[in-house]
Amino acid sequence: IPLGELKALNPQYKTGLVPGSSKPLSLTLPMSHLGDFIDLSDTIRNFKPDVYLTRINITADPSRSTYVPPDVKGKTKIIYTVKDGDNLGYISEWYKVSLSDLRYWNNIYRNTIRVGQKLAIYVDPSRADYYSKINEMSFAEKQQIAGKPAAAPAGVSFAALPVQEQSGDFITYTVKYGDTIWDIVKRFENVSTTDVLHLNNISDPGRIRVGQVLKIKKKS
Numbered sequence: 523i524p525l526g527e528l529k530a531l532n533p534q535y536k537t538g539l540v541p542g543s544s545k546p547l548s549l550t551l552p553m554s555h556l557g558d559f560i561d562l563s564d565t566i567r568n569f570k571p572d573v574y575l576t577r578i579n580i581t582a583d584p585s586r587s588t589y590v591p592p593d594v595k596g597k598t599k600i601i602y603t604v605k606d607g608d609n610l611g612y613i614s615e616w617y618k619v620s621l622s623d624l625r626y627w628n629n630i631y632r633n634t635i636r637v638g639q640k641l642a643i644y645v646d647p648s649r650a651d652y653y654s655k656i657n658e659m660s661f662a663e664k665q666q667i668a669g670k671p672a673a674a675p676a677g678v679s680f681a682a683l684p685v686q687e688q689s690g691d692f693i694t695y696t697v698k699y700g701d702t703i704w705d706i707v708k709r710f711e712n713v714s715t716t717d718v719l720h721l722n723n724i725s726d727p728g729r730i731r732v733g734q735v736l737k738i739k740k741k742s
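Taking our numbering as reference, the numbering of the sequence shown is continuous, increasing by one, and the terminal residue is 742.
#1: Quick check on the burial criterion: 16 or more other C-beta atoms within 10 angstroms. Buried or exposed for Y699?
#2: Determine whether the beta carbon atoms of W704 and T694 lie at a separation below 8 Å.
#3: Going by Cα to Cα distance, which pick from Y612, P552, G526 is closest to D701?
#4: Cα separation between L547 and S554?
#5: Find out if the Cβ-Cβ distance for the pair Y617, P591 is shorter than 8 Å.
#6: Applying the 10 Å Cβ sphere with the 16-neighbour rule, what's the burial state of L549?
#7: Restricting to Cα atoms, I'd like to know which of V604, E711, G669, N628 is closest to E658.
#8: Taking just the CA atoms, how far does R709 sit from V735?
#9: Inspect the beta-carbon positions of I730 and V713 and report whether they are closer than 8 Å.
#10: Report the CB separation of Y644 from K597 in whole angstroms; it is logged as a contact under 8 Å.
#11: Determine the direct distance from the alpha carbon of T634 to that of A530, and round the result to whole angstroms.
#12: Helix, strand or coil for Q686, going by three-state DSSP, please let me know.
#13: Measuring alpha carbon to alpha carbon, tell me which residue in D691, G733, K740 is nearest V707.
#14: Counting along the chain, where does the alpha helix (DSSP H) carrying T603 start and finish?
#15: Is there at least one Cβ from chain C nearer than 8 Å to N609's Cβ?
#16: Note down, in chain order, each residue of its chain lying with its Cβ closer than 7 Å to the Cβ of N628, except the 5 sequence neighbours on either side.
#17: State buried or exposed for P524, treating a residue as buried only when at least 16 other CB atoms are found within 10 Å of its CB.
#18: Measuring straight from C-alpha to C-alpha, what distance separates P675 and D691?
#19: Going along the chain, which unbroken runs of the alpha helix (DSSP H) with 4 or more residues stay wholly within the segment 609-657?
#20: Determine whether the beta carbon atoms of A650 and I724 lie at a separation below 8 Å.
Here it is, written out as C-alpha cells:
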C-alpha cells in the first residue's frame, strides 16, 4: 500500500505514527487490501513487535468472559466451498456470522484458507434456503447481499479493458476518500460503470485511488 494513500486515508495521524500508548486506535485501509490484511494479520502483528508496536498494560476485567463457542443445537449446517479470492472476512460477512465462530466451527487457527476447502457454517433454519444459495453466487453478487462494493477479490484481476477513443466533450471527477466506481457512476446521468472503466483504462474497479482524476463523458 503506498504510504501516501495511507496518509490520505488517515489524516488524523500528523506525524506518521499511530499513538497507541493509552488506548488502541484504528487505522483505515483501502477496501481493495482488506482481504490481504486479514490473511496476513498474524504475520503483521509478529513482525518486530518490540520495534513497531506499543505495549499497553491492561488489567483484566473479571466481568469480561473469554470466547464462548455458540450453541449450534437447532441450527442448520451449510457447506461453503472456498473460491479463488475468498477470505474469512468476506465469508463471515456473507453469512452474517462472526470470525471467531467461523474459525471455531472449522478448526482454523490462523486466517489461512485454501481454494476448494469446505467450510461448515451454522445458520437459523428459517434462513437456510437463502444462505444455501450463496455458494453458487458470483463474488459481485455476494458482495451485493452484504452491502459491500463489488470490488475484485484479492488475487483476482480483471482482464485489461480497451481504451475508448477520446472524442467529444468530457468532464473530470477527482476521486475522494470513500469513493467507489459504483458511487461515482451514480452521480452522473446516462453513464455506465463500463463507460468509466473503458474511458480511463481501468482494469480493476477496486483499485481507484484518492486524488485520481477520472474522465466522464458528458450527457449527450
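The beta-carbon is built from N, C-alpha and C at its ideal position, and this holds for glycine as well.
With the given structure in hand:
#1: The count along the sequence shown starts at 1 and reaches residue 699 at position 177. Exposed is the call here.
#2: As a working mapping, residue 704 is identified with position 182 in the sequence shown. As a working mapping, residue 694 is identified with position 172 in the sequence shown. Not in contact: W704 and T694 (Cβ atoms no closer than 8 Å).
#3: Locating residue 701 in the sequence shown gives position 179, counting from the first residue. That would be P552, whose Cα lies nearest to the Cα of D701.
#4: Within the sequence shown, the letter at position 25 stands for residue 547. Within the sequence shown, the letter at position 32 stands for residue 554. Roughly 21 Å between the two C-alpha positions.
#5: The residue given as residue 617 occupies position 95 in the sequence shown. The residue given as residue 591 occupies position 69 in the sequence shown. No, they are not a contact pair.
#6: Here residue 549 corresponds to residue number 27 of the sequence shown, with the count starting at 1. Classification of L549: exposed, given that the 10 Å Cβ count is below 16.
#7: Counted from its first residue, the sequence shown places residue 658 at position 136. Out of V604, E711, G669, N628, V604 has the C-alpha closest to the C-alpha of E658.
#8: Your numbering for residue 735 matches position 213 in the sequence shown. Your numbering for residue 709 matches position 187 in the sequence shown. Going from the Cα of V735 to the Cα of R709 covers about 15 Å.
#9: Reading the sequence shown from its first residue, position 208 is the one you call residue 730. Reading the sequence shown from its first residue, position 191 is the one you call residue 713. For I730 and V713, no; Cβs fall outside 8 Å.
#10: Numbered from its first residue, the sequence shown carries residue 644 at position 122. Numbered from its first residue, the sequence shown carries residue 597 at position 75. Yes, Y644 and K597 are in contact; Cβ-Cβ is about 4 Å, under 8 Å.
#11: Start at 1 with the first residue of the sequence shown, and residue 530 comes out as number 8. Start at 1 with the first residue of the sequence shown, and residue 634 comes out as number 112. Between A530 and T634, the C-alpha separation is close to 30 Å.
#12: Locating residue 686 in the sequence shown gives position 164, where the first residue counts as 1. Bear in mind that the predicted position of Q686 carries a pLDDT of just 38, short of 50, making it unreliable; the figure below should be weighed with that in mind. The DSSP-derived three-state label of Q686 is coil.
#13: By one-based count along the sequence shown, residue 707 stands at place 185. That would be K740, whose Cα lies nearest to the Cα of V707.
#14: Locating residue 603 in the sequence shown gives position 81, counting from the first residue. Counting along the chain, T603 falls outside any alpha helix (DSSP H), though it belongs to the beta strand (DSSP E) covering 598-603.
#15: Among the protein chains of the structure shown there is no chain C, as only one such chain exists.
#16: Position 106 of the sequence shown, counted from the first residue, corresponds to residue 628. Apart from sequence neighbours up to five positions away, the residues of its chain that approach N628 with a beta-carbon distance below 7 Å are L641, A642, ordered along the chain.
#17: To locate residue 524, count along the sequence shown from 1; it is residue 2. It is exposed - the Cβ of P524 has fewer than 16 other Cβ atoms within 10 Å.
#18: Here the question's residue 675 lines up with position 153 in the sequence shown. Here the question's residue 691 lines up with position 169 in the sequence shown. Its pLDDT being 49, under 50, P675 is placed unreliably by the model, and nothing is read from it.
#19: Runs of alpha helix (DSSP H) with 4 or more residues, each lying fully within the segment 609-657, are found at 610-617, 621-627, 650-654, listed in chain order.
#20: As a first step, residue 650 must be located in the sequence shown, where it is residue number 128. As a first step, residue 724 must be located in the sequence shown, where it is residue number 202. It is not a contact, given that the beta carbons lie outside the stated cut-off.
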